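The next block holds one structure in the form of structure tokens; read it before the comments.
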Amino acid sequence: MQIQYYIFLAIALFCVGVVGVLTRRNAIIIFMCIELMLNAVNLLLVAFSKMHAISPTAIPTAATDAQLFVFFIMVVAAAEVTVGLAIIVMMYRNTHSIDVNFLNRLKN
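Read left to right, the sequence shown gives residues 699 to 806 (our numbering).
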């Protein structure tokens with residue numbers, strides 16, 4: 699499969715994530731869109747590592763290094779999801795809303 703397909707898919711996923719972050723007011727949807735953008739970048743990292751591993755001059759461990767890096771990014775993202783969802787649940791318990799605009803009004 700050619701690298702252009704992966705690039706187009708990652709761009710589409712990243713754009714969907716950006717549009718979701720900019721247009722939605724629900725904290726959970728915003729959080730999921732940020733994760734979607736992170737996974738689009740991970741997809742590109744793995745695709746480029748596989749593309750460079752095929753070339754004869756590439757170091758054989760380059761593809762596995764990038765895949766390990768993506769694995770650690772996913773582990774950190776899982777920890778981020780845990781903390782983020784805990785914050786959103788506490789926000790809902792205190793305000794009975796997960797509307798981001800409502801939280802901006804609480805600052806004053």
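Ideal placement from N, C-alpha and C gives every residue a C-beta, glycine not left out.
Only a predicted model underlies this, so the values are computations on that prediction, with no experimental measurement involved.
Item	Value
Starting from residue 763, follow its DSSP beta bridges and name the residues at the other end.	Paired residues: none, contrary to the question.
Quick check: what's the CA-CA separation for residue 772 versus residue 723?	25 angstroms
Which word fits residue 766, buried or exposed, when buried means at least 16 other C-beta atoms lie within 10 angstroms of its C-beta?	exposed
Could you give the C-beta distance for residue 726 and residue 796, rounded to a whole number, given that I count them as a contact under 8 angstroms?	6 angstroms
Starting from the Cα of residue 739, find the closest Cα among 718, 710, 719 and 763 and give me that residue.	710
Drop a sphere of 10 angstroms on the beta-carbon of residue 742, count the other beta-carbons inside from all chains shown, and report buried for 16 or more, exposed for fewer.	buried
Measure the alpha-carbon distance for residue 779 versus residue 762 and round it to whole angstroms.	25 angstroms
Report the rounded CA-to-CA distance for residue 782 versus residue 774, giving the unit in angstroms.	12 angstroms
For residue 749 versus residue 786, is the C-beta spacing smaller than 8 angstroms?	no
When the Cα atoms are used, what is the spatial distance from residue 745 to residue 777?	24 angstroms
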